[in-house]
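Participant: For the sequence shown, this note's numbering assigns the number 9 to the initial residue and increments by one for each residue that follows.
By construction, the Cβ of each residue, glycine as well, lies at the ideal position given by its N, Cα and C atoms.
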Amino acid sequence: MYSIRNHLIFISIVAINVISILNAQFDPGDIAYETDVNRRGSTAGAMLEIGVGARAEALGGAFVAIAEDPSALYWNPAGITKIKSLSLQITKTNWFIDTYFNVMDLVIPIPSSRSTLGLHIASLDYGENPVRTVFRPKGTGEYYSAMDLCTGIYWAYFITPNISTGLGAKYFNQRIWHESGSAIVADVSIFFNTPLKGFRLAGTISNLGPEFKLDGRDLTRSMDIDGRKDDYFNIDNVPIQLKTEKYPLPVLFRFGLAYELEFGEKNSLQTAMNFNHPSNNVETVDVGFEAKFFNTYFLRAGYHSLGADYAADGLTLGGGLKYKLFHSMMLTVDYSWSDWTILSSVSRLTIGISAN
Numbered sequence: 009m010y011s012i013r014n015h016l017i018f019i020s021i022v023a024i025n026v027i028s029i030l031n032a033q034f035d036p037g038d039i040a041y042e043t044d045v046n047r048r049g050s051t052a053g054a055m056l057e058i059g060v061g062a063r064a065e066a067l068g069g070a071f072v073a074i075a076e077d078p079s080a081l082y083w084n085p086a087g088i089t090k091i092k093s094l095s096l097q098i099t100k101t102n103w104f105i106d107t108y109f110n111v112m113d114l115v116i117p118i119p120s121s122r123s124t125l126g127l128h129i130a131s132l133d134y135g136e137n138p139v140r141t142v143f144r145p146k147g148t149g150e151y152y153s154a155m156d157l158c159t160g161i162y163w164a165y166f167i168t169p170n171i172s173t174g175l176g177a178k179y180f181n182q183r184i185w186h187e188s189g190s191a192i193v194a195d196v197s198i199f200f201n202t203p204l205k206g207f208r209l210a211g212t213i214s215n216l217g218p219e220f221k222l223d224g225r226d227l228t229r230s231m232d233i234d235g236r237k238d239d240y241f242n243i244d245n246v247p248i249q250l251k252t253e254k255y256p257l258p259v260l261f262r263f264g265l266a267y268e269l270e271f272g273e274k275n276s277l278q279t280a281m282n283f284n285h286p287s288n289n290v291e292t293v294d295v296g297f298e299a300k301f302f303n304t305y306f307l308r309a310g311y312h313s314l315g316a317d318y319a320a321d322g323l324t325l326g327g328g329l330k331y332k333l334f335h336s337m338m339l340t341v342d343y344s345w346s347d348w349t350i351l352s353s354v355s356r357l358t359i360g361i362s363a364n
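1) Have a look at G135 and Y151 and give me their C-alpha separation to the nearest angstrom.
2) Give me, in chain order, the residues of the same chain whose beta-carbon lies closer than 7 Å to that of N201; leave out the 5 immediate sequence neighbours on both sides.
3) If you draw a straight line from the C-alpha of A194 to the C-alpha of K146, how long is it?
4) Work out the CA separation of R144 and K330 for me, nearest whole Å.
5) When you compare only the Cα positions, how much space is there between I359 and T173?
6) With 16 other CB atoms within 10 Å as the buried threshold, where does P218 fall?
7) What residue from Q97, S313, I129 and K90 has the CA that sits closest to F199's CA?
8) Out of M337, F271, D106 and A309, state which residue places its alpha-carbon closest to the alpha-carbon of L351.
9) Does the distance from the C-beta atom of V115 to that of T124 stay below 8 Å?
10) Looking at C-alpha atoms only, which residue of G59, L67, W185 and S93 is the closest neighbour of L81?
11) So, helix, strand or coil for R63, using DSSP?
12) Starting from the Cα of F306, find the closest Cα among N275, I248, S313 and G322 and give me that residue.
13) Does the Cβ-Cβ distance between L222 and I184 come in under 8 Å?
14) Determine whether the beta carbon atoms of H285 and R225 lie at a separation below 8 Å.
15) Report the CB separation of A86 from A210 in whole angstroms; it is logged as a contact under 8 Å.
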């Protein structure tokens with residue numbers, strides 16, 4: 009028994025020494041493969057990632073914990089509980105290469121039930137383009153059009169005077185010539201007005217839903233499937249249906265914080281941050297700053313996608329004006345400019361009107 013125990017001790021000591029030697033001479037990093045693979049471009053429905061509202065975009069998209077105008081339906085639906093009167097907002101965006109992104113947001117408060125309803129309609133119009141083929145590269149004389157459309161209905165509710173939650177259902181449709189696809193997705197959000205005056209926290213998850221694919225009559229073809237007509241004299245016009253792949257839509261998780269420092273009743277300085285975790289890209293941070301003067305004039309600046317190894321978007325600037333009409337209505341006009349480096353820049357104009 010004593011001899012067996014000595015042998016076990018001896019074997020253990022030898023094993024420990026061998027492992028120590030191997031660890032000293034072998035670095036797993038020496039055989040690790042370096043890769044820069046990420047999730048970029050792994051989803052469909054890129055239109056669902058385009059920011060809404062000139063004010064929000066002038067703040068670099070750091071709007072999740074501010075969310076106090078109708079564009080909150082995109083950034084954080086729970087924020088519409090802060091809107092106390094019927095409000096309508098329209099945003100026109102000159103997107104890339106002569107495409108246009110237009111949005112209408114309507115918010116309807118229901119004070120008796122501590123809740124608020126919202127309606128969101130957005131479209132990305134690609135315009136008309138000539139149909140080209142391999143044999144007719146200058147065009148066949150036909151033109152095709154393409155458009156993305158998103159419509160959504162939202163409900164937000166005050167859980168407590170300082171905590172609200174929002175739920176939304178959106179119908180997304182994409183059409184390219186005679187092909188189209190659609191899906192229904194959901195948004196979930198929460199907004200917390202903390203006990204520290206001016207400090208707010210919020211979180212959202214957007215575009216939860218099924219995968220998306222295109223289908224349509226242009227995918228029907230008549231062709232020689234095996235390419236052996238000359239060998240076997242078989243039929244070269246076999247009707248076939250091309251199949252497209254399914255892709256997920258971009259799920260966006262955003263956590264935001266904001267702090268507003270007031271200087272009297274009509275002036276303030278507000279700062280905000282978003283922490284973004286998308287399903288199709290790397291994690292990033294957005295920051296924004298807004299100065300308010302006399303409760304009428306606004307200056308804004310921000311920066312998109314901080315922390316990314318590469319991002320085309322970056323600096324954002326803008327301003328706004330709030331003006332009372334007929335003592336019963338409030339008119340807001342906001343403008344933003346966003347730098348997209350090699351893609352030039354993007355301008356947004358938002359006009360809003362609400363009952364005072």
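Facilitator: Let's see:
1) For this step, residue 135 is matched to residue 127 along the sequence shown. For this step, residue 151 is matched to residue 143 along the sequence shown. The alpha-carbon atoms of G135 and Y151 are separated by roughly 10 Å.
2) The count along the sequence shown starts at 1 and reaches residue 201 at position 193. Leaving aside the five residues that flank N201 on each side, the residues in its chain whose CB is nearer than 7 Å to its CB run, in chain order, N170 and R208.
3) The count along the sequence shown starts at 1 and reaches residue 194 at position 186. The count along the sequence shown starts at 1 and reaches residue 146 at position 138. Near 43 Å, if we compare the C-alpha coordinates of K146 and A194.
4) The count along the sequence shown starts at 1 and reaches residue 330 at position 322. The count along the sequence shown starts at 1 and reaches residue 144 at position 136. Roughly 54 Å separates the two Cα atoms.
5) By one-based count along the sequence shown, residue 359 stands at place 351. By one-based count along the sequence shown, residue 173 stands at place 165. Spanning the two alpha carbons is a distance of roughly 26 Å.
6) Here residue 218 corresponds to residue number 210 of the sequence shown, with the count starting at 1. It is exposed - the Cβ of P218 has fewer than 16 other Cβ atoms within 10 Å.
7) Here residue 199 refers to the residue found at position 191 of the sequence shown. Comparing Cα positions, the closest option is K90.
8) What you label residue 351 is simply residue 343 of the sequence shown in a count that begins at 1. Here the closest residue by C-alpha is D106.
9) As a position in the sequence shown, residue 115 is number 107, starting the count at 1. As a position in the sequence shown, residue 124 is number 116, starting the count at 1. Cβ distance < 8 Å, so V115 and T124 count as in contact.
10) Within the sequence shown, the letter at position 73 stands for residue 81. Of the listed residues, the one whose Cα sits closest to L81 is G59.
11) Within the sequence shown, residue 63 is the residue found at index 55, counting from 1. Here R63 sits in helix by DSSP.
12) Position 298 of the sequence shown, counted from the first residue, corresponds to residue 306. For F306, the closest C-alpha among the options N275, I248, S313 and G322 is that of N275.
13) The residue given as residue 222 occupies position 214 in the sequence shown. The residue given as residue 184 occupies position 176 in the sequence shown. For L222 and I184, yes; Cβs fall inside 8 Å.
14) Indexing the sequence shown from 1 puts residue 285 at position 277. Indexing the sequence shown from 1 puts residue 225 at position 217. Contact: no.
15) To locate residue 86, count along the sequence shown from 1; it is residue 78. To locate residue 210, count along the sequence shown from 1; it is residue 202. About 7 Å separates the two Cβ atoms, so the contact holds.
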